[in-house]
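Written below as C-alpha cells is the structure these notes are about.
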Amino acid sequence: MKKFTTLLMALIICLFAFSNALTQTTWDSDNLAWKQNKDPITFSLYHNMTWAPMDVWGKDHVSQRVTEDTGISFDVEIQSNAQQLATYVAGGQLPEAVFVFGGANKDLLENYDICYAWDELIDQYAPEMWDLIDKSDIQLATKSDGHFYTLYTHVRNQEYWDDPGQGVSYGENVLSFRQDVLEELGNPEINTVDDLYNVLKAAKELHPEMVIYVQPELNGTYLSRCFGVPYSGTQGAATINDNGEAEWVFGQKDVLSPYLEFANKLFREGLLSQESLTYDQEQCKAAVMAGNVFCYAGQAYDVDQWNKALDAVDGNKAYYVALRKILTVDGELLVNDTWGSPGFAGFYITRNCKEPGRLIALMEYMRSPYADKLTQWGVPELDYDMVDGFPVQNEDYSWKERGDNVWYFQASFAVENMKALGTALKDERFAQTAHLVLDYKPYWKYDVNLSLIANAEANTYEGDVFATLDNLRKTRMSSIITAKTEEECKQGIEEFFAALDSAELDVYNKFLNDQYQAIKSRNAE
Amino acid sequence: MSVINKAKEKSNYKARIKRSLRRFYAQRWLQLFAILGFVYILIFNYLPMLGIQIAFKSYKPSMGFKGMFTAPLARNYGFYHFISFLKDPNFSIVMRNTVGLSLMKLFFSFPVPILFALALNEMRHIKIKRIVQTVSYLPHFISWVIVYGILFSFLNTSNGVINSLLQSLGKEKMEFLTGKEYYYTIAVISDIWKEMGWWSIIFLAAISGIDQTQYEAAKVDGASRFRCIWSITLPNIKSTIMIVLILAIGSLIRGGMGGSNFDQSYLLGNSLNYERSVTLPYYVYEMGLAQQRFSYATAIGLFQSVISLLLVLISNYVSDKLTGSSLF
Amino acid sequence: MLATYKNKRIKRSTEDYIIDFVVAIIVCFVFFVTVYPFWYCIVLSFNEGTDALRGGIYFWPRKITLENYNAVIGIDYIPTAFMVSVARTLLGTVLCVVFTGLFAFAISHKKLMGRKIYITAMIIIMYFSGGLIPQYMLYKTMGLMNSFWVYIIPNLFSAFNAVIMMNAFREIPDSLEEAAIIDGANDMRVFFQIVFPISMPTMATMALYSGVWHWNTWTDSAFFISNKSLKTLSNVMINLINQSESAAQTMVGNINQSQVTYTAMTLRPAAMIICVIPIAIVYPFLQKHFVKGVMLGSIK
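Residue numbers (the numbering used here), protein chains in the order written: chain A, 1 to 525; chain B, 526 to 853; chain C, 854 to 1153.
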C-alpha cells in the first residue's frame, strides 16, 4: 500500500509538473495573444527615427515579414520637426501608435490621459505576457503613478552586465590617433593625461600644419570622463557624490574644474582646435576626411567606419587607431561612469487607438527573440548569414530594402550589439569596435537606483530651473575652455559656478536627491 | 426752447444716420471687399489669438486645447514667465545682440536694394539687365542651411579656402566661424547678400510705374542723368521706400528685411560665439519651443510682438510728419 | 525707359561714362557674388557625398555622380508632392492676390467708412499670433485638417501684401477712377479693368512673393497633413534632408550610417535645386511686368 501511495503521489507530482510545464508560457506557446488574431489591420504610427530611409511600411523585407506573421500594417509618419509631437499632444492629434526616443518625448506621452497603460492592456488582452517579461524591465518603465506605458528598447539589465561576452555600446566615446604619426613619434605609451599632453605637443612640433586634436561637442566626452565627469547620456543626468546624495553631473566644481583647466591648457598651446568644439557628427567626419587630423574624439563605431571611408580615397595614408583605455590623472583612475540602462526608445499606444489589444499583442510578438532578431538583423538567410555566431549583413540589399533597425519596437541591446560585432568581423582592419566595447566595459558601474531618477518635467518649476542650468552649461563651458589666459580660465570657472548657483542649482539638486533617496528606500525593501 | 433744440437734434441725428447710410450704400462694393477681409482676419487671425493667454498661465501640452483656458494662472499673478525671462542670465546679451544686429542690418541692408534697383534702372542693355536682375534674386532661394554650408566650406579652419590662403601667406588662421568678433560682420554681410536682389524687385516695380513723360520733360530741360535719378526717380518711389522702411522697422526684432535673425542664430551661432549670436527669435525657440515650454515661448513672443507694434506705430508717426507718407 | 529714347547720335557726356562705369562695376560684382554660390551648389549636387566632405571643391565636381538626384527623385510620393505643390501655388497665389487685392483696393480709398478700423486690425495681425495650437483647433473645427484646402483657405489674406498694394493703389490718380465711374462702371469693374492692369508691376511682384512663399512653405504640410499623398514637395525635401543628417543625437549610435553614401552636404543642394527649377522657369514670365515699364500716358 505504501509503495502504491508513494508511486501514486510521484505520478501525481509528475503529472502536475508536466501540466505546469505545458501551461508555462514560452515564446513558442500557442496561447500567445498575437497568434490568436491575424486579421489584417492598419494603425497609424508616428516615429522620430529620422535617419532611416524607410518612411513607408510594407516596402521592405522586415515589415513585410511582420505583416505576414501578425496581420498588422502601419500608416507611417516620420517626424519633420521637433515640436510636432508636443503640438500633436496639445491638439489631440496623436496617431494610434508612437515610437520615439528622447526624454522630453517620453515625458510627454507617459500620461494616463494620453496613452494606454500597458499593465492594464496586458491584464486585459495578453495576460500570459507577464510570464515573458523581465521584472527589471518593468521596474525601469514604471512611473510614479504605478503604471508603465511602454517597455523601453535597448535596456541593459543586470544579466547584460554580468555577461562577460557583452560589451558596452559601440557609441562609446574613444580617442583615436593617426597611426603613421604615432609611429614617427616612436609609438609612445599613453597612460595618463600628461602623456596625452606630451604626445599632442610632440605631434604639433613634428607636424605644425596638422590639426592636432579635434574634440566635437557631442562625442567629445572622453577627456572629461578621464577627470571623473560622468558621461551624461541625458543632460539631466545625476551622479552620486561623496555623501551618497544625488546631484547634477555638471554642478560638481571640484570634478569639473581640473578638466576645464586641462582642456584650456591644450587650447592655449594650440593643441585643441577651437572650431572643433562646435562640430557636429558630419563636420567632425569632414575634418577627419580632409586628411590632416592627428587625434580626434569620437564614437567607437566611427573609428572603423571612417577608416573604411578613408581607405576608399586614392592616395590615402591615414589610419586611425583608438586608445583602448581610459587615462589616469595624477596616477589615479578617476572615471566615474554609472550606467543605469534607461533604454533607448519606447513604443506607445495612444488613447486614439481603436484596437489596443492588437497592438499589445504585437508587442508580445516583438519581444520574442525571433522578432528581436528579425527587426534588428533582417530576414534570416535573406538579409544576413551567421558567421562564427554573429550575423553578417548581405550586401546585395540596401538598407532601404532590408528594413532593419527601424521597426525594432521591443529591441534588445544584446541582439543589436551582436550585429555591430558581426559587421566588424568582416575585415580585421576595420574591427576595432569589437575590442573597444569589451575594453571599456570594466570602467562602468551599474546602479539601477540612479537610472530610475526621472528628468525634470517641462513646464514645472524644476523643469524651468533645469532649462536655465543646461543652457549655462552649453554656452559657458566651451568659452572657459577657449579662454586666452590661465587667469581668464579660472575666472570663467568661478563665474560659471556662481551663475549656476544663482540659477538655483540647489533646487535642482534637491529634486534629484529626493527622488534618489525615495527610490533607494523603495528598492531596499 | 429746449424742446425745439431737442427736436432739432433729433432730426439732425436722423439726418446724419441717413447720410451715413447713403454714403455706405454709395461705397457698398468697397465695403463688401473690406468687410470680407475683415471677417476673414477675425476668424483666422483674431480667434487663434486667444491662445496668447497661455503666456500668463502654467500650461502643459498634455492639458490639450481645453487646457489653454483651464490651466492655472502662473505664479506672480501670471507674470512668472515674463519675470523668468528678465531674470535669465542671458537676458542682456539676447537684447543687446538683437537690437545691435537688427539696427546694423537695417542701416546697411535697407539702402542696398534701393541702390541696386536704381543702378539696374540705369542700364542700357535690356538683355543684360534682365539677366542680372534674374540672377540677383537667386540667393533668396538658397536656404540659410545651405548658406551656412557654403560659409562653412570656405571659412573653416581645417580645409577652408580663406584660411588655406592665409596660411600660405604665412599668417595665422582666423576662427571665423567660432570667433565672437566675426559674427556680426558675417551676419550682416550674408543678410545683405541674401535679400538684396529679392527686395529690389519691389523697388523696380515701383520705378517701372513712373510716368515716362516726366523724364522726357526733364531731358528737354537738359537735366543730367544724375539729376533725373535724384529729382524724378527717387521722389516718385518715396512712398514705397517709406512703407518698406516702416515694415522693416516693424520686423526689426526678426532681423533685417527677411527676418534672418532666427536662422542665423540657429545655424551660424554656436556655443563659442553665443555671446554675440543669440537673438530674441532664436531664444524663444531654444528656451521655449524646443523644450516644449509653450507658455514661456508665448510670453516672450508676446513681449516681442508688443515691441514690434510699438516700433511700427512710432516709425509710422515719424514718417508721416517728416515725409507725409505713412502706413495709416 | 531711358534707353528707348536714346538718340544714337547724341554725344555721351562724362557724366554718362561715370554713371555707366559705376553701374557696370556694381552689376558685375552683384552678378558674380550671386551666381557663384549658386554654381557652387550645382557643383556640389553632382558630387559624391562622402568625397564632398573632404572639401576642396570649388568650380567643378571631383567625383561626378547622379546619386544625390537619384536619392531625391527616388522618394515615394515625389510626383504627387510635386503636383500638390504646383496646385497649391497656382490656386493659392491667384486667390490670395485677388482677395487681398480687393481688400487693399477698398482701404486705399480715404473716404471709406471705418477705414481706420480695417487698417488697424490688419496691422495688429502682422505682429500678434496665437501660435500653433489654436490654429490646430480652428482647422480641426473647420474640417481643414488633412485636406488640400488647409493650404489655401488660411492663406487667402496677406497683411504684408495688402500694405504694399494699398500703397500702390493710392498712387493712382483719383481722376482715373472718377472717369470710369462717370462712364458707369461699378467698383468691381474699376478694380479689375483699370486699377489691376495699371498696377501690374506691383501685382506681379505680389504674385511672385506669394507664389514663392506657397512653393517653399512646409510647416503647414508637416503639422496639418498626415496623408502622404497630400504632402508638398518642400515638406518631402525637408524630410529627406533630416534623414541624411547624422544620427549623432542618439545614444546608441547609427550602425547603418556607412551604407548611406550621400551626405547632407550634397543632398541639400540637390534638393534645393530641384525646388528652384520650377520657379526659375516661371519667373521670366513675371519679370517682364516689372522691368519693362508701362506707358501710363497711353492709358489716359
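Idealized CB from N, CA, C, for every residue including glycine.
As the structure is a computational prediction, the values presented were derived from the model and not from experiment.
C-alpha gap between residue i and residue j, whole angstroms
{"i": "F1013/C", "j": "F1022/C", "result": "14 Å"}
{"i": "T87/A", "j": "L805/B", "result": "22 Å"}
{"i": "S840/B", "j": "I639/B", "result": "19 Å"}
{"i": "I1241/C", "j": "G422/A", "result": "The requested residue 1241/C does not occur in the structure, where chain C is confined to residues 854 to 1153."}
{"i": "T703/B", "j": "Q739/B", "result": "53 Å"}
{"i": "G102/A", "j": "S412/A", "result": "17 Å"}
{"i": "K35/A", "j": "D69/A", "result": "8 Å"}
{"i": "T1072/C", "j": "S938/C", "result": "13 Å"}
{"i": "A498/A", "j": "P614/B", "result": "11 Å"}
{"i": "I577/B", "j": "T460/A", "result": "19 Å"}
{"i": "Q1140/C", "j": "W723/B", "result": "12 Å"}
{"i": "M625/B", "j": "G781/B", "result": "It is worth fixing the name first, because residue 625/B is Gly in this sequence and not Met. Each residue's alpha carbon lies about 11 Å from the other."}
{"i": "V886/C", "j": "L835/B", "result": "36 Å"}
Residues that residue i contacts on chain B, provided the C-beta gap is smaller than 9 Å
{"i": "E217/A", "result": "N795, S796"}
{"i": "V62/A", "result": "By Cβ distance, chain B contributes nothing, its closest Cβ being about 32 Å from V62/A, past 9 Å."}
{"i": "Y1136/C", "result": "T659, Y662"}
Residue i burial status per 10 Å Cβ neighbour count (16 or more: buried)
{"i": "H1067/C", "result": "buried"}
{"i": "A315/A", "result": "Here residue 315/A turns out to be Gly, not Ala, going by the sequence shown. G315/A is exposed by the Cβ-count criterion."}
{"i": "S545/B", "result": "exposed"}
{"i": "E720/B", "result": "buried"}
{"i": "F558/B", "result": "buried"}
{"i": "T867/C", "result": "exposed"}
{"i": "N105/A", "result": "buried"}
{"i": "P1007/C", "result": "buried"}
{"i": "R429/A", "result": "exposed"}
{"i": "Y508/A", "result": "buried"}
{"i": "L11/A", "result": "exposed"}
{"i": "F594/B", "result": "exposed"}
{"i": "T710/B", "result": "exposed"}
{"i": "T433/A", "result": "buried"}
{"i": "D242/A", "result": "exposed"}
Closer than 8 Å at the beta carbon, the chain B residues around residue i
{"i": "E1154/C", "result": "Any answer about residue 1154/C is impossible in this case: the structure gives chain C only from 854 up to 1153."}
{"i": "C1158/C", "result": "Here chain C comprises residues numbered 854 to 1153, so residue 1158/C is not present and cannot be evaluated."}
{"i": "H962/C", "result": "Q552, L555"}
Paired residues, beta bridge with residue i - DSSP
{"i": "Q299/A", "result": "N173/A"}
{"i": "I78/A", "result": "H47/A"}
{"i": "W248/A", "result": "A238/A"}
{"i": "T153/A", "result": "BP columns for T153/A are empty, so no partner."}
{"i": "G346/A", "result": "V100/A"}
{"i": "S73/A", "result": "T42/A"}
Chain C residues whose Cβ lies nearer than 7 Å to that of residue i
{"i": "N570/B", "result": "I978"}
{"i": "E183/A", "result": "Chain C residues near E183/A: none, gap ~24 Å exceeds 7 Å."}
Chain A contact residues for residue i, given Cβ-Cβ distances below 9 Å
{"i": "I1091/C", "result": "S80, N81"}
{"i": "S1079/C", "result": "S44, Y46, D75, E77, Q93, P95"}
{"i": "T1116/C", "result": "E282, K285, A286"}
Partners in chain C for residue i, counting only beta-carbon separations shorter than 8 Å
{"i": "T87/A", "result": "L985, I986, Y989, F1076"}
{"i": "G291/A", "result": "R907"}
Closer than 8 Å at the beta carbon, the chain A residues around residue i
{"i": "L702/B", "result": "E275, T278"}
{"i": "Q817/B", "result": "Q83, A86, A104, L108, A458, N459"}
Under 7 Å from the C-beta of residue i: neighbouring residues of chain B
{"i": "K474/A", "result": "S796"}
{"i": "A287/A", "result": "S683"}
{"i": "I114/A", "result": "S587"}
Identify every run of the beta strand (DSSP E) within the stretch 410-482 of chain A, keeping only runs that are complete inside it and at least 3 residues long; order them along the chain.
444-446
Run through the stretch 668-709 of chain B for me and flag every whole beta strand (DSSP E) of 3 or more residues, listed as ranges in chain order.
Within the stretch 668-709 of chain B, no complete beta strand (DSSP E) run reaches 3 residues.
What are the complete beta strand (DSSP E) segments, minimum 3 residues, inside the stretch 364-411 of chain A?
384-387, 390-393
Which whole runs of the alpha helix (DSSP H) in the stretch 983-1016 of chain C are 4 residues long or more, in chain order?
985-995
At what residue ranges does the stretch 175-216 of chain A contain a whole run of the beta strand (DSSP E), taking only runs of 3 or more?
211-214
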